[in-house]
Every structure is written in C-alpha cells, then in structure tokens.
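**Q** Residue numbers (the numbering used here), protein chains in the order written: chain A, 283 to 422; chain B, 283 to 422; chain C, 283 to 422; chain D, 283 to 422; chain E, 283 to 422; chain F, 283 to 422. The beta carbon of each residue, even a glycine, is placed where N, CA and C say it ideally should be. This one's a predicted model, so the numbers in the text were calculated from it and none came from an experiment. Please see the structure below; I have some questions.
Protein chains: 6
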Amino acid sequence: MHLLTRRFSFSSSHRLQSIAMDANGNTCAYGLCENIHGHNYRLEVTVSGAVDPATGFFCNVMDLSAIVRETVVDPCDHRYLNDLPMFQGVVTTMENLASRIWQVIEEPLSARGMRLVEVLVGETDEHWVRLRRPPAADGL
Amino acid sequence: MHLLTRRFSFSSSHRLQSIAMDANGNTCAYGLCENIHGHNYRLEVTVSGAVDPATGFFCNVMDLSAIVRETVVDPCDHRYLNDLPMFQGVVTTMENLASRIWQVIEEPLSARGMRLVEVLVGETDEHWVRLRRPPAADGL
Amino acid sequence: MHLLTRRFSFSSSHRLQSIAMDANGNTCAYGLCENIHGHNYRLEVTVSGAVDPATGFFCNVMDLSAIVRETVVDPCDHRYLNDLPMFQGVVTTMENLASRIWQVIEEPLSARGMRLVEVLVGETDEHWVRLRRPPAADGL
Amino acid sequence: MHLLTRRFSFSSSHRLQSIAMDANGNTCAYGLCENIHGHNYRLEVTVSGAVDPATGFFCNVMDLSAIVRETVVDPCDHRYLNDLPMFQGVVTTMENLASRIWQVIEEPLSARGMRLVEVLVGETDEHWVRLRRPPAADGL
Amino acid sequence: MHLLTRRFSFSSSHRLQSIAMDANGNTCAYGLCENIHGHNYRLEVTVSGAVDPATGFFCNVMDLSAIVRETVVDPCDHRYLNDLPMFQGVVTTMENLASRIWQVIEEPLSARGMRLVEVLVGETDEHWVRLRRPPAADGL
Amino acid sequence: MHLLTRRFSFSSSHRLQSIAMDANGNTCAYGLCENIHGHNYRLEVTVSGAVDPATGFFCNVMDLSAIVRETVVDPCDHRYLNDLPMFQGVVTTMENLASRIWQVIEEPLSARGMRLVEVLVGETDEHWVRLRRPPAADGL
Numbered sequence: 283m284h285l286l287t288r289r290f291s292f293s294s295s296h297r298l299q300s301i302a303m304d305a306n307g308n309t310c311a312y313g314l315c316e317n318i319h320g321h322n323y324r325l326e327v328t329v330s331g332a333v334d335p336a337t338g339f340f341c342n343v344m345d346l347s348a349i350v351r352e353t354v355v356d357p358c359d360h361r362y363l364n365d366l367p368m369f370q371g372v373v374t375t376m377e378n379l380a381s382r383i384w385q386v387i388e389e390p391l392s393a394r395g396m397r398l399v400e401v402l403v404g405e406t407d408e409h410w411v412r413l414r415r416p417p418a419a420d421g422l
Numbered sequence: 283m284h285l286l287t288r289r290f291s292f293s294s295s296h297r298l299q300s301i302a303m304d305a306n307g308n309t310c311a312y313g314l315c316e317n318i319h320g321h322n323y324r325l326e327v328t329v330s331g332a333v334d335p336a337t338g339f340f341c342n343v344m345d346l347s348a349i350v351r352e353t354v355v356d357p358c359d360h361r362y363l364n365d366l367p368m369f370q371g372v373v374t375t376m377e378n379l380a381s382r383i384w385q386v387i388e389e390p391l392s393a394r395g396m397r398l399v400e401v402l403v404g405e406t407d408e409h410w411v412r413l414r415r416p417p418a419a420d421g422l
Numbered sequence: 283m284h285l286l287t288r289r290f291s292f293s294s295s296h297r298l299q300s301i302a303m304d305a306n307g308n309t310c311a312y313g314l315c316e317n318i319h320g321h322n323y324r325l326e327v328t329v330s331g332a333v334d335p336a337t338g339f340f341c342n343v344m345d346l347s348a349i350v351r352e353t354v355v356d357p358c359d360h361r362y363l364n365d366l367p368m369f370q371g372v373v374t375t376m377e378n379l380a381s382r383i384w385q386v387i388e389e390p391l392s393a394r395g396m397r398l399v400e401v402l403v404g405e406t407d408e409h410w411v412r413l414r415r416p417p418a419a420d421g422l
Numbered sequence: 283m284h285l286l287t288r289r290f291s292f293s294s295s296h297r298l299q300s301i302a303m304d305a306n307g308n309t310c311a312y313g314l315c316e317n318i319h320g321h322n323y324r325l326e327v328t329v330s331g332a333v334d335p336a337t338g339f340f341c342n343v344m345d346l347s348a349i350v351r352e353t354v355v356d357p358c359d360h361r362y363l364n365d366l367p368m369f370q371g372v373v374t375t376m377e378n379l380a381s382r383i384w385q386v387i388e389e390p391l392s393a394r395g396m397r398l399v400e401v402l403v404g405e406t407d408e409h410w411v412r413l414r415r416p417p418a419a420d421g422l
Numbered sequence: 283m284h285l286l287t288r289r290f291s292f293s294s295s296h297r298l299q300s301i302a303m304d305a306n307g308n309t310c311a312y313g314l315c316e317n318i319h320g321h322n323y324r325l326e327v328t329v330s331g332a333v334d335p336a337t338g339f340f341c342n343v344m345d346l347s348a349i350v351r352e353t354v355v356d357p358c359d360h361r362y363l364n365d366l367p368m369f370q371g372v373v374t375t376m377e378n379l380a381s382r383i384w385q386v387i388e389e390p391l392s393a394r395g396m397r398l399v400e401v402l403v404g405e406t407d408e409h410w411v412r413l414r415r416p417p418a419a420d421g422l
Numbered sequence: 283m284h285l286l287t288r289r290f291s292f293s294s295s296h297r298l299q300s301i302a303m304d305a306n307g308n309t310c311a312y313g314l315c316e317n318i319h320g321h322n323y324r325l326e327v328t329v330s331g332a333v334d335p336a337t338g339f340f341c342n343v344m345d346l347s348a349i350v351r352e353t354v355v356d357p358c359d360h361r362y363l364n365d366l367p368m369f370q371g372v373v374t375t376m377e378n379l380a381s382r383i384w385q386v387i388e389e390p391l392s393a394r395g396m397r398l399v400e401v402l403v404g405e406t407d408e409h410w411v412r413l414r415r416p417p418a419a420d421g422l
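Okay, structure coming up:
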C-alpha cells in the first residue's frame with residue numbers, strides 16, 4: 283500500500299470573523315487575523331492505493347493534479363476566500379478550509395480509484411493543519 | 283566592505299488597480315491580480331558598512347531588525363496593503379512596495395551607520411523584485 | 283479530528299557524552315559529536331482536537347506558540363543544552379530532547395484543551411527524530 | 283518509541299515505459315515521462331526503535347546513513363535508473379522505486395536493530411510517494 | 283531602476299562528454315557526470331527596467347514567464363538535453379546552458395522592453411552558475 | 283564571464299565576546315549571543331572565470347568543493363569556533379568568519395584558476411553576511 287502526495291499553492295486573502303461571537307469575542311479570538319490579510323497557502327493532498335502492475339503506479343499524479351486544480355486551486359487562487367461559495371457558513375480557518383476541501387475532492391478522487399487519506403492546509407511554513415482519515419482495518 | 287542581509291516576512295492582502303487606466307486597461311494589465319488576494323511577502327534588506335574592530339560587526343543585526351520591524355513589518359503584517367498610508371498614491375506592485383519601503387527605512391538605517399544597498403520584495407518563492415543602489419565609487 | 287502543527291527554531295550548542303560509558307566508549311559512539319558544537323534546531327509540535335464551531339479552530343495557534351516558547355524555546359535558545367535543568371541526567375541526543383520536551387509541554391497543552399500527538403526534533407534538514415503517541419482507540 | 287528519519291538525495295535519469303502496454307498505452311499512461319529525463323531524487327528513510335539508555339539513541343544516524351548510501355544512493359546517483367539491476371522488471375515509477383529500495387535496505391537495517399517503517403521517494407518538491415509499514419500491535 | 287527575477291524548474295537528463303577530449307580526458311574531467319543522469323534544474327531569469335507609472339511595474343511577470351516557458355522550459359522539460367537543437371555543439375555544463383539560454387531569451391525579452399541582466403542555472407540546491415551582464419554606465 | 287557558486291554547511295558552536303570591551307560592553311553589544319550557542323552555518327563560495335571550450339566549464343565544481351572542504355568545512359564542522367587557530371584574534375561574528383575564510387581559500391582557489399568574488403556566511407536562513415570583491419575593470 284502506497285501513499286502519494288501532491289503539493290499545491292494558491293495566493294488568497296481572507297479574514298477570520300465569526301457570526302457566532304460579538305465584536306469583543308471576535309477580537310479576543312482572532313486578534314490581527316480579523317483584518318483582511320493573505321497568504322501563499324500550501325495545500326498537500328495525500329491518497330492511497332494499490333499499484334497497478336502494468337503501469338507501476340496506482341494513480342497518475344496528473345489525474346490527481348487535474349482534479350485538485352479544477353475544484354480547489356483555480357477557484358481559490360487570487361480570490362478573497364470568505365466570498366467563495368465553497369467556504370460559505372464557516373470561518374476561513376485552516377481547520378475549516380481542510381474540511382471543505384476534503385468534501386470537495388473526496389468524490390472525484392474516489393471516482394478515479396484514489397482513496398483520500400490526508401489534506402494539509404498551511405498558511406505559512408511555520409504552521410499548518412492536517413485532516414486525516416483514521417487508519418483502515420488493513421492497517422494503513 | 284561587508285554586506286549584511288536580514289530576511290522578514292509579513293502576511294498581507296492587496297490588489298492591483300490603477301487609477302491611471304480604465305476598467306479594460308486594469309483587467310488587461312493585471313488579470314486575476316485585480317482581485318483582492320494575498321501573500322506571505324518576503325522582504326530582504328541589505329546594508330553595507332565597515333566592521334568595527336571592537337565588536338567584530340559593523341551593525342548589530344538586532345538594530346537592523348528593530349528598525350525594519352517597526353517601520354515596515356508591523357504596519358504591513360495582517361493588513362490590506364492598499365489601505366496603508368505608506369502605499370497611498372501607488373499601485374501595490376512589488377516594484378512600488380520596494381521603492382516605498384526604501385524611502386521609509388533608508389534614513390533610520392543611515393542614522394545607525396548602515397548604508398542601505400538593496401531591498402528585495404517577493405510575493406512568492408517564484409518571483410521577486412530587487413531595488414538596488416548603484417555601486418559606489420569605491421567599488422562596492 | 284484535526285492535527286495542528288507549529289514549527290519553532292532555536293540556536294543552541296551541545297555535546298554528546300555519556301557517563302555510562304568510558305572515554306573509548308564515548309568516542310566510539312559519538313565521534314565528532316562528542317565535541318561541543320551546535321545547530322539551528324528545528325522543533326515541530328503537533329496537537330489534535332475537535333474544532334469549536336464558534337471559532338472554527340480547536341485551539342488558537344497563538345496559545346500553542348506561547349506555551350512552547352515559554353517552556354522550551356526561550357530556555358533553550360542561545361544556550362548550551364547540556365547545562366540546562368531540563369536536560370540533566372540524559373545525553374542531549376535528539377531522542378532525549380524529544381522525550382524531555384514532551385514531558386515539559388504535555389500538561390500545559392492539555393490544560394488548554396490540546397492533546398499532544400507528536401514532537402519532532404531535528405538537528406539539521408537532513409536528519410530528525412519524532413516521538414509520537416500511539417493512535418487512540420478512535421483511530422486518530 | 284521514537285522514529286528517526288534521514289534524508290538523502292541522488293541525481294539520476296529514468297524513463298517510464300512498460301512492456302505490459304503497447305506504444306499507444308505507454309504514451310497514454312506516461313506522456314512526457316516516457317522520454318529519458320531526470321531528477322534530483324529525494325529519499326527519506328524512517329526507522330523506529332527503543333532508546334538505549336547508555337547512548338541516548340536507539341540507532342546511530344551514521345549507521346543508518348552508511349547502509350542507505352552503500353545499498354541505494356551510491357548505486358543510483360548519476361546513473362540511468364532503468365539500467366540498474368535493482369530496478370529490473372519494474373517501471374521506474376516512484377511507487378516501484380520505493381518498493382525496491384524497501385526490499386534492499388530492510389534486512390541490513392534490521393541486522394543493526396532498526397525497524398524500517400517508511401520509505402519516501404520524491405521526484406520533485408511537489409510530488410512524492412511514501413511506502414509505510416502498518417502500525418504494529420503496540421500502536422506505533 | 284528595478285530588477286525582476288522569475289524562477290523556473292525543469293526535469294531533464296544530460297551527460298557531460300566532450301568531443302574535444304579522448305576517453306581518458308572525458309573520464310578525468312567529468313567522472314560520474316559522464317553517465318546519463320538528471321536533475322530538477324533551477325532557472326532564474328533577471329531583467330531590469332524602469333517602472334511605468336501607470337501600471338506600477340516595468341514588465342509584467344506574466345510576459346517574462348510566457349517567453350521563458352515557450353523558448354526554454356517547454357523545450358527542455360522531460361527531455362535529454364544533449365539531443366536538443368539549442369545545445370548542439372556544446373557540452374551541457376551549467377556554464378554552457380546559461381550561455382545558450384541567454385542567447386535564446388535575450389531578444390524576445392528585449393522586444394518586450396526587458397533588459398536581460400542575469401541567467402542562473404543550477405543543477406542542485408548546492409551548486410549553480412550565474413551569467414551576468416556587466417553593470418551599465420548608469421551604474422546598474 | 284561566469285560565476286560559479288557552491289554551498290556548504292557546518293554545525294558548530296561559538297560565542298561572541300570581545301577583549302576590547304569590558305563585561306558591560308560585551309553584554310550590551312552581544313546580549314544572548316555572549317552565551318555559547320550554535321548554528322548550522324551556511325557557507326556559499328562564488329568564483330568567476332572564463333569557460334574552457336574543451337570542457338565547457340571554467341573550473342570543476344569538484345575542485346572548488348575539495349579546497350573549501352579541506353581548508354574550512356572539515357576544520358570547522360562539529361567544533362567550537364572560538365578555539366580554532368583560523369579565528370584567533372577576532373570575535374567570531376559572521377563578518378569576521380567571512381574575512382578569515384576569504385584569506386584561507388583565496389590562494390588555493392587562485393592556484394586552480396578560480397578568482398574568488400564572494401564569500402557568504404549565514405548563521406540562520408534569516409540573516410547572513412557577504413564579503414564581495416569590487417567589480418573588476420572589465421565590469422564583472
């Protein structure tokens with residue numbers, strides 16, 4: 283069983299602001315992150331699978347790239363994330379970005395035989411979040 | 283003659299939009315960069331000087347850091363650059379950021395004995411701009 | 283379930299020398315590492331948790347940073363690690379640094395609702411050690 | 283239980299071409315990768331073990347390095363991978379490189395008390411494959 | 283006067299072999315580099331110019347990218363460099379790659395108002411070559 | 283005219299302490315850097331020359347590497363820099379390291395036909411010093 287990872291980047295703006303909290307609560311929770319600011323986001327998508335003996339890979343990294351570009355990178359790059367349909371209803375934290383990106387890419391990846399096992403979203407090289415599927419019964 | 287460089291980072295949003303052009307001109311010149319987006323900006327400041335034999339350095343890197351943090355990094359970090367006083371009247375391209383940052387830091391650096399020779403501003407690890415002082419008569 | 287990672291760095295000196303071995307044993311085990319030398323240590327701390335729907339994150343990365351800075355980075359940075367109270371009684375290998383750092387940060391992180399799942403200590407970009415909590419029954 | 287990782291690099295050429303497919307199949311599966319091209323391959327080897335209280339490490343990173351250099355890096359560096367004995371019978375995808383490298387290094391590492399838990403092979407900084415041993419019953 | 287730099291990468295194979303030397307001479311000069319091997323080449327192109335007040339940049343990084351992609355990156359990526367028309371008659375050292383790439387891109391860049399001042403070609407992150415235009419009379 | 287750069291690393295300890303100042307002066311100038319601490323030093327050596335048409339390079343990067351390893355990297359790696367003969371009489375700042383390394387490598391490089399044009403010494407990825415030869419009359 284192999285894991286394949288592909289790394290992407292997109293340059294976007296966002297702000298952290300929650301309708302579930304008042305002004306004081308937002309300031310207290312988010313500090314400077316309540317301002318509209320931006321990042322070169324790092325996105326790493328990891329899938330697992332069994333190698334096809336004919337080709338020697340279990341998924342073509344080009345297929346993985348095409349799916350993630352079309353559904354995530356192109357809609358997010360050079361945009362204000364808070365305005366995007368895919369992030370409506372949630373604060374644009376790394377945790378929520380990872381969850382929504384998982385929802386968006388899991389099915390098209392699965393349709394091409396790739397089992398999504400991890401989505402990593404990083405705002406900088408100093409901090410990042412990973413959303414990870416629990417190991418399957420077969421131990422992966 | 284030595285050159286000392288210190289690297290900084292700030293996470294900001296901006297958009298490229300020029301009042302000198304109409305809507306078509308802006309779209310044509312800037313494309314997606316006309317949207318509000320963001321970067322983890324890379325800023326590298328290089329100064330030259332002669333080593334003080336007593337201390338073994340010609341400027342304390344802490345002095346350089348303090349000046350640049352106070353005048354550039356703190357005002358820019360987690361902000362929308364187009365709204366900042368220091369970038370009024372110019373489009374927030376890398377070229378213009380470098381020029382304005384130069385204007386802001388040259389004098390305080392000089393007051394501490396550091397001759398500013400280069401300001402590098404990068405939006406990503408793939409592209410950046412350097413503003414550089416012509417070599418002095420002494421060949422630096 | 284999300285994993286949040288924060289990366290730190292500290293510039294310290296150390297030497298590998300064990301009182302459990304004689305001079306020959308130390309030379310044989312550690313070679314050049316028996317000399318006092320140094321590194322820009324890389325430290326990555328990973329915690330897990332459940333996202334708070336109000337804020338959109340399960341812990342504020344600022345809280346995590348503050349705890350690790352106060353208990354590890356500030357005491358270690360620009361110091362000789364072998365002299366520090368937190369590393370008494372052990373050889374300052376990456377393995378032992380990871381274990382002691384785990385002991386120091388686990389409780390304060392837990393008190394803020396963060397479950398420590400991995401400590402990574404690297405001496406260079408070419409080699410590092412990770413201390414990892416076994417996956418919990420819920421599969422994390 | 284600790285994990286130790288050591289990173290290596292080798293500069294090699296390869297091409298993706300499968301005898302299990304005809305010309306059209308190869309072109310369709312591999313595209314430009316069917317041409318002889320090359321990479322600075324990234325190889326990361328991770329082993330697990332219990333720390334020896336006398337030395338403070340569970341394996342000397344020098345032992346790990348020597349084994350991987352002798353069996354993998356030296357035979358592969360500055361070579362055409364498709365011609366090497368260790369990759370005969372397989373297409374030189376990252377997946378197959380990882381599998382063969384695992385077979386080559388597992389026993390010598392084990393003979394020195396290191397349990398191999400992961401082999402990472404990356405063609406670029408943007409995509410890589412990991413072959414990972416399922417967690418042991420003790421939860422590692 | 284500003285300098286703009288754009289970074290590119292291409293994954294290619296090559297070998298160092300000179301018709302000006304016999305077999306012994308080649309082995310002596312190139313060692314392992316005489317074998318067909320490969321790299322993820324790093325290419326950095328730097329141009330200079332004066333900022334257009336209307337747009338705030340002196341050349342659009344997209345124009346620079348398009349020119350270099352079309353004339354260098356696309357023809358070189360996933361190819362055996364020794365077979366390419368643009369490198370006929372020279373040994374594919376970093377020095378010669380830089381010279382030929384300079385010849386290929388200087389005119390189209392100039393036609394778009396960009397003065398080429400440096401081409402950097404690196405085989406790895408540990409060694410690289412720069413071909414640089416002497417500073418102009420105006421001191422750049 | 284080409285510039286060739288080779289990057290090296292060494293892991294060493296040092297402290298900043300000047301006999302030209304009293305205790306207060308040292309504390310004031312160096313702060314925490316007066317403690318014995320350490321770094322993974324970055325060293326980049328740049329030489330210039332004219333390409334030999336027979337070989338296609340003007341100096342073999344292997345020659346450059348061998349000289350710098352023998353005279354600088356091996357004596358410094360895993361050592362306490364303040365104790366080394368090559369740094370006696372100076373405070374071990376980046377500025378002074380660069381000057382002494384220049385003195386040590388310039389002649390052996392010159393004897394192999396390489397003109398030393400820059401020595402870069404960095405304590406971290408965030409700050410570094412460059413010692414640079416003034417451009418020659420031929421404009422390099």
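#1: To the nearest whole angstrom, what separates the beta carbons of Cys341 of chain D and Leu285 of chain D, a pair I think is in contact under 8 Å?
#2: Can we say the stretch 324-343 of chain E touches the stretch 365-378 of chain F, given the rule of at least three CB pairs closer than 8 Å?
#3: Within 8 Å (strictly less), CB to CB, does Asn322 of chain B reach chain E?
#4: How about Arg361 of chain B and Glu326 of chain B: do their beta carbons lie closer than 8 Å?
#5: Report yes or no: is there a C-beta of chain A within less than 8 Å of the C-beta of Thr375 of chain C?
#6: Spell out whether any CB of chain E is found under 8 Å from the CB atom of Ile383 of chain D.
#7: Out of F:Ser291, F:Arg324, F:Tyr312 and F:Gly331, point me to the one whose CA is closest to Arg412 of chain E's CA.
#8: Assuming contact is defined by CB atoms lying nearer than 8 Å, are Tyr312 of chain F and Glu405 of chain F in contact in what I supplied?
#9: What's the gap between the Cα of Pro367 of chain A and the Cα of Asn308 of chain A?
#10: Using only alpha-carbon positions, find the residue among D:Val401, D:Phe292 and D:Val329 that is nearest to Arg414 of chain C.
#11: What residue range is occupied by the uninterrupted beta strand (DSSP E) comprising Val316 of chain A?
#12: What is the rounded straight-line gap between the Cα of Asp365 of chain A and the Cα of Ala348 of chain F?
#13: Using a cut-off of 7 Å between C-beta atoms, extract the partners of Leu413 of chain A located in chain C.
#14: So Val343 of chain D is in the alpha helix (DSSP H); what residue range does that whole segment cover?
#15: Between His409 of chain A and chain C, is the shortest Cβ-Cβ distance under 8 Å, so that the two count as touching?
#16: Kindly indicate which residue of D:Asp345, D:Glu408, D:Val355 and D:Trp410 has the alpha-carbon position closest to the one of Met396 of chain D.
#17: Count the other CB atoms within 10 Å of the CB of Ile301 of chain D; is the residue buried (16 or more) or exposed (fewer)?
#18: What number of angstroms, rounded off, separates the C-alpha of Leu314 of chain F from the C-alpha of Leu363 of chain F?
#19: What are the start and end residues of the beta strand (DSSP E) that includes Glu377 of chain A?
#20: What first and last residue would you give for the beta strand (DSSP E) that runs through Gly404 of chain A?
#21: Can you check DSSP and say which residues form a bridge with Val411 of chain C?
#22: Any C-beta of chain B within less than 7 Å: which residues of the stretch 285-298 of chain E qualify?
#23: Should Asn308 of chain D be flagged as near chain E, meaning a C-beta pair shorter than 8 Å?
#24: Residues of chain B with CB closer than 9 Å to the CB of Gly404 of chain E, please, in chain order.
#25: Closer than 6 Å by C-beta to His321 of chain E: which residues in its own chain qualify, once you throw out the five before and the five after it? Chain order, please.
#26: Less than 8 Å between CB atoms is the rule here; does Ser440 of chain E satisfy it with respect to chain F?
#27: Of all the residues that make up the stretch 329-340 of chain E, which are near chain F by a beta-carbon distance shorter than 8 Å?
#28: Mind checking Cys310 of chain E: buried by the 16 CB within 10 Å criterion, or exposed?
#29: Any beta carbon from chain F within less than 8 Å of Leu314 of chain C's own beta carbon?
#30: So which residues of chain E does Val343 of chain F contact, with C-beta pairs closer than 8 Å?
#31: Would Ile383 of chain C and Val372 of chain C be called neighbours here (beta carbons separated by less than 8 Å)?
#32: Once DSSP output is grouped into helix, strand and coil, what is the label at Leu363 of chain A?
#33: If you reduce the DSSP assignment to three classes, tell me which class Thr328 of chain D lands in.
#34: Give me the Cα-Cα distance between Ser392 of chain F and Ser291 of chain F, rounded to the nearest whole angstrom.
**A** In short, the structure shows the following:
#1: Not a contact, Cβ separation roughly 11 Å.
#2: no
#3: no
#4: Against a cut-off of 8 Å, the Cβ pair of Glu326 of chain B and Arg361 of chain B comes out as no contact.
#5: no
#6: At a cut-off of 8 Å between beta-carbon atoms, Ile383 of chain D makes no contact with chain E.
#7: F:Gly331
#8: no
#9: Distance from the CA atom of Pro367 of chain A to the CA atom of Asn308 of chain A, rounded to whole angstroms, is 22 Å.
#10: D:Val329
#11: Checking the sequence shown, residue 316 of chain A turns out to be Glu, not Val. That residue, Glu316 of chain A, is in no beta strand (DSSP E); it is neither H nor E in DSSP.
#12: Asp365 of chain A and Ala348 of chain F have their alpha carbons spaced roughly 56 Å apart.
#13: Within chain C, the residues near Leu413 of chain A are His284.
#14: Val343 to Val350
#15: With its beta carbon less than 8 Å from one in chain C, His409 of chain A belongs to the interface.
#16: D:Asp345
#17: With fewer than 16 Cβ atoms within 10 Å of its Cβ, Ile301 of chain D is classed as exposed.
#18: 17 Å
#19: Taken as a continuous stretch (DSSP letters only), Glu377 of chain A belongs to no beta strand (DSSP E), being part of the alpha helix (DSSP H) at Met376 to Ala393.
#20: In the DSSP assignment, Gly404 of chain A falls within the unbroken beta strand (DSSP E) covering Arg397 to Thr406.
#21: C:Val403 and D:Leu286
#22: Leu285, Leu286, Thr287, Arg288 and Arg289
#23: no
#24: In chain order: nothing, as chain B lies at least about 14 Å away.
#25: Glu405
#26: Residue 440 of chain E lies beyond the stretch modelled for chain E, which goes from 283 to 422, so this question has no answer here.
#27: none
#28: exposed
#29: yes
#30: His409
#31: no
#32: DSSP places Leu363 of chain A in helix when its eight states are reduced to three.
#33: strand
#34: 22 Å
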